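Line by line, the protein sequences give chains W and V.
If you number the first sequence the way the numbering used here does, the last residue is 78 and the count never jumps.
If you number the second sequence the way the numbering used here does, the last residue is 384 and the count never jumps.
Built from N, CA and C at the ideal position, the CB exists for glycine as well.
Only a predicted model underlies this, so the values are computations on that prediction, with no experimental measurement involved.
Accompanying notes for the structure given below.
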Amino acid sequence: MKNIKIYSTPTCVYCKMAKEFFKKHNATYTEHNVAEDDAAREEMINKTHQLGVPVIDIDGEVFVGFNRSELEKALGVK
Amino acid sequence: MYDLVIIGGGPAGVAAGVYAARKKIKALVIAENFGGQSVVSAGIENWIGAKSLSGFDFARNLEEHLRAQEDLEIMDGDRVVRVQKNANYFLIATAQGKTIETKTIFVGSGSRRRTLGIPGEKEFNGKGVAYCATCDAPIFKNKDVAVVGGGNAGLESVRDLIPYASKIYLLNRSAELKGDALTQEKIRASEKVEIILNAVTKEIYGDNSVSGFKYTDTKTGAEKDLAVSGVFVEIGSLPNTDFLKGIVELNNFGEMIIDHKTQSSSIPGIWGAGDVTDVLYKQNNISAGDAIKAVLNINDYLHKKK
């Protein structure tokens, strides 16, 4: 089982797409809403220097944005 | 050999696909993704028949409507990179190396964001340089930011940032903001907003992420510098016509020049609709309607040829 974290905002479409993608592949993830959760926002910025969502962490490998083919590779699905 | 290849998965491409299927045209849709540029919109309130829907739902509705068509082929996740005209058919090449033969082409490839093209923009993409205020505004909570572009998209970005950022500079190239008066009024009412006119952005800099940018005041010629954590770029769009250069006539903006009665391009066999064309108003509803005009005209053309 892979450890998947997604940093998101409620208004971000690509975050929604990423979450639907994980659901479709029965991959469980923990979501951190960086619009509300100040600690998660700081963690995301400090860990990745990213100031845009979604930021996705799959077993320590960080993905920025929603790139379906990259995530398919990371999950080992297609 | 297809009768028609439809390029694009926005409102134009999907409307063309639905009508092509209903006319029993042997057609293929090539779409990198669905929904067009509205996909990032938090709420679309002018798509006729839906009081309000998110860009996400808009895209999903379009995709579902397209996939519900029988006998319509769909190639998604791929992109057209070249079109070649042969004696009486066209050859299309895709990014993933496929070649496709077709009698006619409908172009609904839309447009993409224009970028500043200045030092620092690429390096700090996602690290302070942002293109979607709807998505990313909350990340700039209590931070100073800049928005480049005084059109509607720029003004809306400022509006999205007001609840979060501590200070928002709005930079506009000319002496006057172009966006809607009503939105201008709203953002001027916020003490957080400072509008800087006659400003040309020169460079974005930082360390791990953006810490500031430089711009020129075109009135005085003075070089200025502002410390910010984010720069949102909203300076319009560019039509996706690279694969059509040298094939059909394009205007100075790179848009396909079309006959607005039939949507046909400068050469027989290629039609277009939506933001990729020289249509005066870039709107989802217009793109869909114009695409339908095109397909009906393509249907007539195919029947005449038989």
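Query, Result
"Give me the residue from Gly308(V), Lys280(V), Val288(V) and Gly284(V) with the minimum Cα distance to Ala300(V).", "Lys280(V)"
"Would you identify the three-state DSSP class for Val326(V), choosing helix, strand or coil?", "coil"
"Counting only the same chain and skipping the five closest in sequence on each side, list residues whose C-beta sits under 6 Å from that of Ser235(V).", "Ala211, Val225, Phe310 and Glu312"
"Could you check what DSSP says for Gln147(V) in three-state terms: helix, strand or coil?", "coil"
"From Tyr293(V), Phe134(V), Ala243(V) and Met79(V), pick the residue whose C-alpha is nearest to that of Thr11(W); which is it?", "Phe134(V)"
"Please go through the same chain and pick out, in chain order, the residues whose beta-carbon is closer than 6 Å to the beta-carbon of Val373(V), but skip the five residues on each side of it.", "Ala94, Tyr97 and Ala98"
"Give the range of the alpha helix (DSSP H) segment to which Thr298(V) is assigned.", "Neither: Thr298(V) is in no alpha helix (DSSP H) and is coded neither H nor E."
"When the Cα atoms are used, what is the spatial distance from Ser287(V) to Asp353(V)?", "33 Å"
"DSSP three-state label for Ser365(V), please.", "helix"
"In whole angstroms, give me the CA-to-CA distance for Lys181(V) and Ile376(V).", "10 Å"
"What does Trp349(V) pair with, by DSSP beta-bridge criteria?", "Phe184(V) and Ser342(V)"
"Specify, as a first and last residue, the run of the beta strand (DSSP E) that Pro317(V) falls within.", "Ser315 to Pro317"
"On the premise that Ile364(V) lies in contact with Val357(V), defined as a C-beta separation below 8 Å, what is that separation, rounded to the nearest angstrom?", "7 Å"
"By Cβ distance below 6 Å, which residues in the same chain neighbour Gln162(V) in space, the five residues on each side in sequence not counted?", "Leu169"
"Whole angstroms is fine: what's the gap from Gln115(V)'s alpha carbon to Met79(V)'s?", "30 Å"
"Between the alpha carbons of Gln359(V) and Lys47(W), how many angstroms are there, rounded?", "The sequence shown places Tyr at residue 359(V), not Gln. One C-alpha to the other measures close to 43 Å."
"Would Thr212(V) count as contacting chain W if we go by Cβ distances under 9 Å?", "yes"
"What whole-angstrom Cβ distance do Val92(V) and Leu131(V) have, given they're in contact under 8 Å?", "About 15 Å; that fails the 8 Å criterion."
"Check the Cβ of Ser287(V) against every Cβ in chain W and list those closer than 7 Å, keeping chain order.", "His49 and Leu51"
"List the residues of chain W whose Cβ lies closer than 9 Å to the Cβ of Gly23(V), in chain order.", "With chain V covering only 79 through 384, there is no way to say anything about residue 23(V)."
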